[in-house]
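Shown next, in structure tokens, is the structure this report addresses.
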Amino acid sequence: MPDRGSGAPQPVPEFNSTRMIVSILKEICAARGIELTGFSNDWIFLLRRGGRSTYVFGYDFSLNSATAKIICKDKSATSDLLGFHGVPRIEHRIFHGPQLTGYVPLEGNWHPMLGYFEACGRDVVCKPNEGSGGRGVLRARTPAELEAAVVHVFEHNRSLCLSPYERIVGEYRVAVLRGAVQFVYGKERPMLVGDGHRNVRELLLERLKAAGNFVSEIDGLAQAAKAGLDDAQVPAAGEEVVLNWRHNLAQGSVPNILDPHAPEVRAACDLALHAARVLEVAVASVDVVLTPAGPKVLEINAGIMMESLARNLPEGRRLARRFYDRIICAALEIEDEAPP
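Here the working numbering is used: the sequence shown runs in plain steps of one and ends on residue 347.
As structure tokens, this is what we get:
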């Protein structure tokens with residue numbers, strides 16, 4: 008979606024009207040007798056019923072205040088405020104690019120970046136301060152890698168964040184609405200399973216070909232290199248080799264619906280609810296990572312995008328519709344009733 012912050016309305020790509028959320032909103036409104044009016048090629052919607060109205064802008068709902076939305080879109084702001092409230096989280100340290108020279112210290116960014124890099128044990132994650140889906144997220148373990156990552160992110164963004172790289176053994180996404188968990192799913196990263204005979208390259212090529220993709224040996228090697236793997240390594244029988252250190256669904260992970268009452272999951276849900284409460288966010292999806300030090304909040308998404316969930320799970324669309332329905336009912340003060 009183009010920047011609509013000022014000036015004349017920008018043209019919106021036609022494919023906005025084909026988003027899953029659009030068809031779900033139309034279904035919900037038709038079933039509940041809600042008047043639905045679309046604007047900007049269905050990027051903006053006005054919903055009205057019984058003298059009440061609410062807006063949907065992209066994936067943002069009126070239940071959240073403007074301040075809450077801005078905080079959640081800003082990874083550094085979210086990190087700082089959660090830290091102030093004593094909520095366990097992955098720290099995100101902000102650095103501004105050349106476009107924001109007035110906000111950059113006189114000594115520049117590089118020395119503070121290197122200092123933070125050293126303080127994090129020379130292993131950091133570099134990402135846009137505002138972004139989603141794991142796009143532009145890079146790991147740096149040498150000063151040269153850090154420099155390359157910073158240049159790459161600043162080419163497309165005004166600000167970036169550095170975070171200490173932590174060994175994450177799992178990641179959950181917790182859907183929250185007004186202090187209650189709606190559902191939670193884990194993000195299972197793509198991986199290979201060794202047989203004790205074939206190397207990573209051979210296992211990867213077999214996996215990709217089985218998926219129906221035409222992949223050359225060079226492509227396979229590129230995939231392994233991007234994952235930081237030794238393509239000649241021969242994993243032991245049953246050994247799991249993770250293909251991506253990131254957990255984003257857009258980066259190949261697969262969602263797995265979990266029981267929110269299971270002990271480990273319950274702890275993550277409680278942390279997600281606490282984080283949403285201190286930031287005064289009414290509706291959100293909270294990403295909680297499991298680390299050796301316990302669960303920590305990675306980020307909070309005030310925009311509720313569930314396209315990947317619906318594509319990757321047979322019941323994903325049903326979950327998305329139910330969540331959107333509850334959000335709309337809350338916004339229009341429709342009594343909590345079974346979804347139509």
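Cβ atoms here follow ideal geometry from the backbone N, Cα and C, with glycine treated the same way.
Return the CA-CA distance between residue i and residue j, expressed in angstroms with no decimal places.
{"i": "Gly40", "j": "Ile264", "result": "31 Å"}
{"i": "Gln106", "j": "Arg165", "result": "6 Å"}
{"i": "Asp202", "j": "Glu195", "result": "21 Å"}
{"i": "Glu340", "j": "Arg56", "result": "9 Å"}
{"i": "Gly227", "j": "Asp67", "result": "Summary for Gly227: the model assigns pLDDT 46, below 50, so the residue's position carries little reliability, and this model does not support an answer."}
{"i": "Glu342", "j": "Cys336", "result": "7 Å"}
{"i": "Glu152", "j": "Val158", "result": "10 Å"}
{"i": "Phe102", "j": "Cys79", "result": "17 Å"}
{"i": "Pro302", "j": "Ala274", "result": "8 Å"}
{"i": "Pro135", "j": "Val144", "result": "7 Å"}
{"i": "His92", "j": "Gly104", "result": "28 Å"}
{"i": "Ile225", "j": "His163", "result": "The predicted position of Ile225 is uncertain, since its pLDDT is 42 and thus under 50; a value taken from the coordinates is nonetheless stated next. So the alpha carbons of these two residues sit roughly 28 Å apart."}
{"i": "Leu305", "j": "Pro321", "result": "27 Å"}
{"i": "Glu154", "j": "Leu54", "result": "47 Å"}
{"i": "Arg174", "j": "Glu34", "result": "42 Å"}
{"i": "Tyr123", "j": "Arg129", "result": "8 Å"}
{"i": "Phe64", "j": "Leu167", "result": "25 Å"}
{"i": "Glu125", "j": "Pro150", "result": "9 Å"}
{"i": "Phe190", "j": "Leu212", "result": "35 Å"}
{"i": "Thr108", "j": "Cys276", "result": "40 Å"}
{"i": "Arg325", "j": "Leu210", "result": "35 Å"}
What do you reckon, are the CB atoms on residue i and residue j nearer than 9 Å?
{"i": "Cys133", "j": "Pro171", "result": "no"}
{"i": "Ala291", "j": "Ala182", "result": "yes"}
{"i": "Ala75", "j": "Val285", "result": "no"}
{"i": "Ala327", "j": "Ile31", "result": "yes"}
{"i": "Thr298", "j": "Val176", "result": "yes"}
{"i": "Val207", "j": "Pro242", "result": "yes"}
{"i": "Leu89", "j": "Ala282", "result": "yes"}
{"i": "Leu184", "j": "Val131", "result": "no"}
{"i": "Ala300", "j": "Pro95", "result": "yes"}
{"i": "Arg142", "j": "Ala156", "result": "no"}
Could you tell me if residue i is buried or exposed, where buried requires 16 or more neighbouring beta carbons within 10 angstroms of its beta carbon?
{"i": "Ile77", "result": "exposed"}
{"i": "Tyr192", "result": "buried"}
{"i": "Asp266", "result": "exposed"}
{"i": "Phe52", "result": "buried"}
{"i": "Thr25", "result": "exposed"}
{"i": "Ala73", "result": "exposed"}
{"i": "His99", "result": "buried"}
{"i": "Glu178", "result": "buried"}
{"i": "Ala37", "result": "exposed"}
{"i": "Pro270", "result": "exposed"}
{"i": "Trp117", "result": "exposed"}
{"i": "Thr61", "result": "buried"}
{"i": "Gly58", "result": "exposed"}
{"i": "Gly6", "result": "Look at the range of the chain in this structure, 8 to 347, and you will see that residue 6 is not part of it."}
{"i": "Phe330", "result": "buried"}
{"i": "Ser223", "result": "Confidence at Ser223 is low in this model, with a pLDDT of 44, below 50, so the placement of that residue should be treated as unreliable; the coordinate-derived value is given next. Exposed."}
{"i": "Ala244", "result": "exposed"}
So, under 8 Å CB-CB, residue i and residue j are touching, yes? Tell me the CB distance rounded to an integer number of Å.
{"i": "Asp332", "j": "Arg180", "result": "With a Cβ gap of about 19 Å, Asp332 and Arg180 do not count as contacting."}
{"i": "Ile334", "j": "Leu70", "result": "6 Å"}
{"i": "Met418", "j": "Ala317", "result": "Look at the range of the chain in this structure, 8 to 347, and you will see that residue 418 is not part of it."}
{"i": "Thr44", "j": "Ile307", "result": "Rounded, the Cβ-Cβ distance is 30 Å, inconsistent with contact."}
{"i": "Glu137", "j": "Asp81", "result": "6 Å"}
Inset, instruction - Counting only runs of 3+ residues fully inside the segment 108-135, write out the beta strand (DSSP E) ranges in chain order. - result: 131-135
Inset, instruction - Counting only runs of 4+ residues fully inside the segment 284-323, write out the alpha helix (DSSP H) ranges in chain order. - result: 314-319
Inset, instruction - Just list the alpha helix (DSSP H) runs in the segment 46-117, keeping only unbroken ones of 4 residues or longer that don't cross its boundaries, in chain order. - result: 73-80 and 82-91
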